[in-house]
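Down below is the structure, laid out as structure tokens.
2 protein chains.
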Amino acid sequence: MTHFADRLHAAIQAKGAPVCAGLDPRPDWIPRSFFDAAFARHGRTPAAVREAVRAFCLEVLDLVAPFVPAIKPQVAFFEALGPEGLSDFAAICRRGRELGLLVIADVKRGDIGSTAEAYAQSLWGSTQVAGVTIEGCGADAATVNPYLGEDGVRPFFARAREHGGGIYVLARTSNPGSAEFQQLELARGGAVVDEVARKISTWGAESVGTCGYSDVGAVVGATHPEAALRLRALMPRTPFLVPGWGAQGGDAAAVKACFDAKGGGALVNSSRGVMHAYASGPLKSYGEARWKEAVAQAARTFRDEIARLSVPAA
Amino acid sequence: MTHFADRLHAAIQAKGAPVCAGLDPRPDWIPRSFFDAAFARHGRTPAAVREAVRAFCLEVLDLVAPFVPAIKPQVAFFEALGPEGLSDFAAICRRGRELGLLVIADVKRGDIGSTAEAYAQSLWGSTQVAGVTIEGCGADAATVNPYLGEDGVRPFFARAREHGGGIYVLARTSNPGSAEFQQLELARGGAVVDEVARKISTWGAESVGTCGYSDVGAVVGATHPEAALRLRALMPRTPFLVPGWGAQGGDAAAVKACFDAKGGGALVNSSRGVMHAYASGPLKSYGEARWKEAVAQAARTFRDEIARLSVPAA
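These protein sequence lines map, in sequence, to chains A and B. Going by numbering that gives the first Met the number 0, 10 is the number at position 11 of the first sequence; the sequence numbering is gapless. Going by numbering that gives the first Met the number 0, 192 is the number at position 193 of the second sequence; the sequence numbering is gapless.
Here you go:
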């Protein structure tokens, strides 16, 4: 089975830049027309709200598909619409794959072994339960929290591998308070995140694609240039998933630090900067009437900016 | 609004022991009759599998309700049944509350601020979206992963407080590999988990009930007696949620270490040892035919064992 790392590598080549469109649908920023249409069909019901959000996300997928090799739907924004929202999340994942996009389920799951296995079933492939086939959400990769240690991570990795998938383990997250525990200094030298990085690198050595990168990646925020540089050195074959570009204040220096000497090894994510481009940021003047143009334009600009940053220094 | 800590304290007094029944439904261990009934109604479909699991869990709730003040449904086992499984998880939470049980959603969520807020919406209370009320799953408390730092934890805590709820932050988990990152020794002395504990204690000081315990709890596995003793000292007012009793090998010494000098401050969880008592463990001889007796008996024994362990030393 083709490695996730190789599929991602090929998809990046095909689209021309290592970029990922995050899908964090914020209802306040979704064009009003989606709600009007759904309310007209179903009344002012929770089901109508979910339909509006889903319809919007599906249109966003069509708009960004020409520019990005991967999408990263964030499950929390679907769970926030009620438990039925998880079905919409799965529908978005499926549609992403139909469009040839790699789907990174941003779920940040993590639990003890047998529970981690249950989560992994929900993400990759299908499972026989009492003789009935239960389909997972059809992700290619998922984000995983390392706090529980290796036996909390490995079930995700094992299941992902079986299905040609991958995982991205949280290393240095993009949020302002990420240093609090991640950068605690250790008695043996270095910081907590360095130990996490070493383990990610070790786990990943078991599954390296022909492109030279592993199926076990690391989440490294675009908001900490020095940390990124250090983590790049600690994890030479580890693909980085780099959130925080745009709205969260990620900058070019931090993103450049995530790429290796060949200009590879990182996938940069932008969420609201692309999908909600008409609601905030430089394309706000497009407004709801021209929201599709704004999203397509933002995806194109994002792709071109990151393509430039990922060119190796001469 | 009454504090979560006080509601839990009163519920423990009413039931006679600080015990929690975990709901981690493993389909292989659910009496066959549930599947037969569901298949007869719906055919061999994923919906029938979910109905069987839901029906079983609802019966377990009725059986354990006389003996336990709280339940802890584990969302992973519901997500593993397909995205629609999250609706069954919510149904279990609702039914638990109807039975007067405190509901601890074992979701181990954690993410950056705005995403953590979305998760928190899915757990406590209801949210207005485009003028429509979206109900959360109706938990009283939830488990939260601290790896992202305070700004990844606080949105959960803030929302929980608004609704008289609480959170349990992972400190030392019950799994075999939990020491890997949690016990890394720090340059300043102590281990990573000690820093997590200090923060839990600090956050919790903002919200202490009249019972003397906080609404911010800590997950401390029943599998590490020395760690439990140390964490008890570091977090004197923090209520512990103590998984790992029974099937995971938790022992009396570790559980005793989780209680404070007054015999309070801990809620001990048993999952498969109660809900799947007829399928493994000392009551296996009951078998499927007498599964209800086995579950009720296991819940009673569990309550009595933990009641004895929580009596303060004379």
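Where is the CB? At the ideal position from N, CA and C, for every residue including glycine. Predicted model only: the values in this text are computed from it and were never measured.
Presumed contact (8 Å Cβ cut-off) between residue i and residue j, rounded CB distance
| i | j | result |
| --- | --- | --- |
| GLY264 (chain B) | PHE258 (chain B) | 6 Å |
| ASP87 (chain B) | VAL48 (chain B) | Not confirmed; about 10 Å, so no contact. |
| ILE133 (chain A) | GLY42 (chain B) | About 14 Å; that fails the 8 Å criterion. |
| GLY148 (chain A) | GLU179 (chain B) | 3 Å |
| LYS255 (chain B) | LEU183 (chain B) | Contact doesn't hold; Cβ gap of about 26 Å is too wide. |
| TYR285 (chain A) | ALA293 (chain A) | 4 Å |
| GLY262 (chain B) | GLY216 (chain B) | Incorrect: roughly 17 Å between the Cβ atoms, too far for contact. |
| GLY203 (chain B) | ALA221 (chain B) | With 8 Å as the limit, GLY203 (chain B) and ALA221 (chain B) do not qualify as a contact, their Cβ atoms being about 21 Å apart. |
| VAL18 (chain B) | ILE305 (chain B) | 5 Å |
| VAL152 (chain A) | ARG108 (chain A) | Their Cβ separation, rounded to whole angstroms, is 10 Å, which puts VAL152 (chain A) and ARG108 (chain A) out of contact at 8 Å. |
| ALA138 (chain B) | SER121 (chain A) | The Cβ separation is near 19 Å, so there is no contact. |
| ASP150 (chain A) | ASN268 (chain B) | Not confirmed; about 19 Å, so no contact. |
| THR44 (chain A) | VAL131 (chain B) | 7 Å |
Distance between residue j and residue i (C-alpha atoms, nearest Å)
| i | j | result |
| --- | --- | --- |
| LYS14 (chain A) | LEU100 (chain A) | 10 Å |
| VAL74 (chain A) | VAL59 (chain B) | 29 Å |
| PHE3 (chain A) | GLY208 (chain A) | 8 Å |
| PRO281 (chain A) | MET274 (chain A) | 13 Å |
| ILE103 (chain B) | ALA9 (chain A) | 44 Å |
| TYR167 (chain A) | ARG231 (chain A) | 14 Å |
| THR126 (chain B) | ARG40 (chain A) | 22 Å |
| GLY84 (chain A) | ALA186 (chain B) | 44 Å |
| VAL128 (chain A) | PHE76 (chain B) | 12 Å |
| TYR277 (chain B) | ARG236 (chain A) | 48 Å |
| GLN181 (chain B) | ARG171 (chain B) | 7 Å |
| PRO72 (chain B) | VAL195 (chain B) | 24 Å |
| MET0 (chain A) | ALA246 (chain A) | 37 Å |
| ARG229 (chain A) | ASP35 (chain B) | 57 Å |
| ALA227 (chain A) | ALA190 (chain B) | 24 Å |
| GLY116 (chain A) | PHE55 (chain B) | Here the sequence assigns Glu to residue 116 (chain A), which means Gly is not the residue at that position. If I take the Cα positions, the gap works out to 21 Å. |
| ASP110 (chain A) | VAL192 (chain B) | 16 Å |
| PRO224 (chain B) | PHE239 (chain A) | 38 Å |
| GLY21 (chain B) | ARG31 (chain A) | 42 Å |
| ARG25 (chain B) | CYS92 (chain B) | 18 Å |
| CYS136 (chain A) | VAL106 (chain A) | 12 Å |
| PHE156 (chain B) | GLY272 (chain A) | 28 Å |
| GLU97 (chain A) | ALA69 (chain A) | 12 Å |
| GLY124 (chain B) | LEU233 (chain A) | 43 Å |
| PRO154 (chain B) | ALA119 (chain B) | 7 Å |
| SER206 (chain A) | ARG158 (chain A) | 13 Å |
| ALA260 (chain B) | CYS210 (chain A) | 59 Å |
| PRO145 (chain A) | LEU169 (chain A) | 6 Å |
| GLN12 (chain B) | ASP61 (chain B) | 19 Å |
| SER177 (chain A) | ALA253 (chain B) | 31 Å |
| ALA297 (chain A) | ALA90 (chain A) | 24 Å |
| SER200 (chain A) | ASP214 (chain A) | 10 Å |
Within chain A, the residues that residue i reaches when beta carbons sit closer than 7 Å
| i | result |
| --- | --- |
| ALA141 (chain B) | Correct list: empty, because the minimum Cβ distance to chain A is about 12 Å. |
| CYS136 (chain B) | PRO82 |
| ALA186 (chain B) | GLU184, LEU185, ALA186 |
| SER86 (chain B) | PRO82, GLU83 |
| LEU230 (chain B) | Near LEU230 (chain B) there are no residues of chain A at all, since even the closest Cβ is about 15 Å away, more than 7 Å. |
Beta-carbon neighbours of residue i, restricted to chain B and to distances below 7 Å
| i | result |
| --- | --- |
| VAL191 (chain A) | PHE180, LEU183, VAL191 |
| GLU50 (chain A) | Within 7 Å Cβ-Cβ: nothing; GLU50 (chain A) doesn't reach chain B, min ~11 Å. |
Beta-carbon neighbours of residue i, restricted to chain A and to distances below 8 Å
| i | result |
| --- | --- |
| ASN174 (chain B) | ILE111, GLY112, LEU147, GLY148, ASP150, GLY151 |
| PRO199 (chain B) | According to the sequence displayed, residue 199 (chain B) carries Ile and not Pro. The premise fails here: ILE199 (chain B) is roughly 12 Å from chain A at the closest Cβ pair, so nothing lies under 8 Å. |
| LEU240 (chain B) | The contacting residues do not exist; LEU240 (chain B) stays about 14 Å from chain A at best. |
| LEU169 (chain B) | TYR146, LEU147 |
Residue i: contacting residues in chain A (beta-carbon distance under 9 Å)
| i | result |
| --- | --- |
| PRO26 (chain B) | VAL128, ALA129 |
| ASP23 (chain B) | SER113, THR114, ALA117 |
Chain-ordered neighbours of residue i on chain B, where CB pairs are closer than 9 Å
| i | result |
| --- | --- |
| GLU194 (chain A) | GLU179, PHE180, LEU183 |
Near the ligand SAM: residue i beta-carbon under 7 Å from a heavy atom
| i | result |
| --- | --- |
| ILE305 (chain A) | What this structure holds is no ligand at all, so the ligand SAM is not there to describe. |
Within chain B, the residues that residue i reaches when beta carbons sit closer than 8 Å
| i | result |
| --- | --- |
| ILE133 (chain A) | PRO45, VAL48, ALA79, LEU80, GLY81 |
Q: Give, in chain order, every unbroken run of the alpha helix (DSSP H) that is at least 4 residues long and sits entirely within the region 47-128 of chain A.
A: 74-78, 84-97, 112-122
Q | Contact set between the region 139-165 of chain A and chain E, restricted to residues whose Cβ is under 8 Å from the partner | A | No chain E is present in this structure, whose protein chains are A and B.
Q: Could you list the residues in the region 89-123 of chain B with a C-beta less than 7 Å from some C-beta on chain A, going in chain order?
A: ALA89, LYS107, GLY109, ASP110, ILE111, GLY112, THR114, ALA117, TYR118, GLN120, SER121
Q. Which residues, in chain order, does the region 56-84 of chain B contribute to contact with chain A at a C-beta distance below 7 Å?
A. GLN73, ALA75, PHE76, GLU78, ALA79, LEU80, GLY81, PRO82, GLU83
Q. Can you list, in chain order, the residues of the region 201-214 of chain A whose Cβ is nearer than 9 Å to any Cβ on chain B?
A. none
Q: Jot down the residue ranges of each uninterrupted alpha helix (DSSP H) in the region 194-247 of chain A, minimum 4 residues, whole runs only, in chain order.
A: 224-233
Q: Give the residues from the region 33-46 of chain B that approach chain A closer than 7 Å (Cβ to any Cβ), ordered along the chain.
A: PHE34, ARG43, THR44, PRO45
Q.
For the region 239-261 of chain B, list every residue whose C-beta sits within 7 Å of some C-beta in chain A, in sequence order.
A. none
Q: Would you mind listing the alpha helix (DSSP H) stretches within the region 145-202 of chain A that are 4+ residues and don't spill past its ends, in chain order?
A: 149-161, 178-181
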